[in-house]
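First residue of the sequence shown? That's 85 in the working numbering, and the numbers climb one at a time after it. Let me begin by presenting the structure, written as structure tokens, before commenting on it.
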Amino acid sequence: MHYNDIKIPKGFVVEKFYTVDSVDKALDLLMAVARKPNTGVTELARKTGLTKSRAYRLLHTMEQRQIIKRTRESTYGLGDAMLVLGITASSQMDMIRLATPILEELCQRVNETVQLRTIDGTEALCVAKAEPSRDLRVHANVGRRRPLYAGSPKCLLAFQPQDFIDKCVPLVPAPLTANTPRTRGAILEELTKIRRQGYCVSRGEVGDQQISCSAPVFALDSSVVASMHVVAPAFRIHESELTHIIRLTTSSAARLSRALGWSDG
């Protein structure tokens, strides 16, 4: 079901309609712990307007997920999971900062829409973009998600561990267009080809009238942490132009990889 399909009763405030109270209160507690570590449950309950018993239940739940930790003195601080989240968020922000001028330069050179995507769960997430000024172009939205098994996101999936690939490629892939690969075997074969050639070309797999090229972005440890995409209306891109776009996309992705510490040696 899509949000647009939900019938919202007249008079409801949309923001409140989508708010989950228990999650909202848990986040209040988490922020209170972050602002003042080593605080006890009584004070945390007072600061967040919760009863002591409810605050304790929420704290206990977050403790089980290592989001917070309880000390020997029965006070609370941030847990190891928050350290991982903090490092990940910092790394992603650094990557976007480094990627932005490279995306803009690539956009100017190809005069088409450029995106940077990362993996979020089992989907590809657009985290940055650059669009040309021309009227007829493919529009990109930061925050948009795509399945990893179709289109340019396959470039992200191809370089992941095999157990993750197995998790992301369904036995019966749901077709997004008439050109989406229809079998698991066909997708796995394409992933092998992408790893071998070092880039991915997609013709109408996600949008019927679109063609795209993507290249992997490597981190210091040679893992693929993102992919750089150029997407354009299919009628505008002939084979000679596609070859030119592939060369520019792969070289731009390599530039960002080197900025992240990767060495092709």
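All C-beta atoms, glycine included, are put in the ideal place defined by N, C-alpha and C. Since this is a predicted model, take the numbers as computed values, not measurements.
Along the chain, where does the beta strand (DSSP E) containing residue i start, and where does it finish?
i	result
Tyr161	According to the sequence displayed, residue 161 carries Gly and not Tyr. Where Gly161 is concerned, the enclosing beta strand (DSSP E) stretches over 159-162.
Arg229	229-231
Asp204	197-204
Ala214	207-214
Mind reading off the beta-carbon distance from residue i to residue j? Whole number of angstroms is fine, and I expect it under 8 Å.
i	j	result
Leu241	Leu255	In fact, because the Cβ distance is near 16 Å, the residues do not count as touching under 8 Å.
Ser335	Ser296	That pair is no contact at about 17 Å.
Ser298	Cys210	With a Cβ gap of about 12 Å, Ser298 and Cys210 do not count as contacting.
Val309	Thr202	7 Å
Leu340	Ala303	Not quite, the Cβ-Cβ distance comes to about 10 Å (not below 8 Å), so this is no contact.
Ala234	Glu289	5 Å
Ile151	Gly161	So it is not a contact: roughly 11 Å between Cβ atoms.
Ala258	Gln294	That belief does not hold up - the Cβ atoms of Ala258 and Gln294 are roughly 18 Å apart, past 8 Å.
Lys136	Ala116	That belief does not hold up - the Cβ atoms of Lys136 and Ala116 are roughly 14 Å apart, past 8 Å.
Arg154	Glu147	6 Å
Asn434	Arg287	The structure shown does not extend to residue 434, since the chain is modelled only from 85 through 349, so no value can be given for it.
Leu220	Ile249	Not quite, the Cβ-Cβ distance comes to about 36 Å (not below 8 Å), so this is no contact.
Ala165	Arg149	6 Å
Per DSSP, what are the beta-bridge partners of residue i in this structure?
i	result
Val26	Here the chain has residues from 85 to 349 only, and residue 26 is not among them.
Ala316	Ile295
Per DSSP, what kind of secondary structure is residue i in: helix, strand or coil?
i	result
Ile278	helix
Thr267	coil
Leu340	helix
Ser311	strand
Arg154	strand
Asp356	Here the chain covers residues 85 to 349 and nothing more, so residue 356 does not appear.
Pro257	coil
Asp178	helix
Leu220	coil
His144	helix
Thr135	coil
Val194	helix
Ala234	coil
Arg149	coil
Ile330	helix
Ala262	coil
Ile186	helix
Ser335	helix
Phe96	Low local confidence applies: a pLDDT of 45 at Phe96 is under 50, so the model's placement there is unreliable, with the coordinate-based value given in what follows. DSSP places Phe96 in coil when its eight states are reduced to three.
Could you please give the first and the last residue of the uninterrupted alpha helix (DSSP H) stretch that includes residue i?
i	result
Leu304	Per DSSP, Leu304 belongs to no alpha helix (DSSP H) and is neither H nor E.
Arg119	105-119
Ile66	A question about residue 66 goes unanswered here, because the residues of the chain that appear run from 85 up to 349.
Arg130	125-132
Leu241	238-242
Legend entry - Inter-stretch contact at 8 Å, needing at least 3 Cβ pairs: the region 263-275 / the region 326-335: no
Inset, instruction - Taking 8 Å as the threshold, find out whether the region 213-233 comes into contact with the region 188-197 through three or more Cβ pairs. - result: yes
Legend entry - At least 3 beta-carbon pairs within less than 8 Å: the region 113-125 vs the region 133-150: yes
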